[in-house]
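Down below is the structure, laid out as structure tokens.
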Amino acid sequence: MYIIQKQGSFSDSFEIRANDGDSLRITYALKISSDMVRRFRALQVCIAEIEKQRKAHGDSAELAEQLGEVIVEMYTLIFGEENATALLSFYESDYVAMIVDIFPYIQNVVV
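Using the numbering used here, the first residue of the sequence shown is number 5, and each one after it goes up by one.
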């Protein structure tokens, strides 16, 4: 018989290494709930909409600011406020680099 264990939460850690040898280790525990999934999906839609606007109208400071706010909100939702702040500091508020580096992890491991 196959047994399925009900999961109450998901926990993991990862390390980001910069070219200069600096690194940041993130450890987190995520309690998955219907509300969390709903909020995550809404943030994914926001990112897609910002990307659509960027492709249609080009880059702008306003779109970059909107993207940054959504990314910080998503990272706070998944990794917690302290870890999101640490990521923002490590990446020196470079939201595009944060997306390029961390989104594959979110999509392949977390989601």
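Heads up, the beta-carbon is just placed ideally off N, CA and C, and yes, glycines get one too.
- Counting along the chain, no alpha helix (DSSP H) covers D16; the unbroken beta strand (DSSP E) around it starts and ends at F14 to R21.
- Looking at the DSSP output, I30 shares a beta bridge with F18.
- Separation of the CB atoms of M40 and L71 is rounded to 21 Å, and the pair is thereby denied contact status at 8 Å.
- Measuring C-alpha to C-alpha distances from L34 to each of N23, Y79, R58 and E96 identifies Y79 as the nearest.
- Each of E73, S37 and S27 was checked against the Cα of L47, and the nearest Cα belongs to E73.
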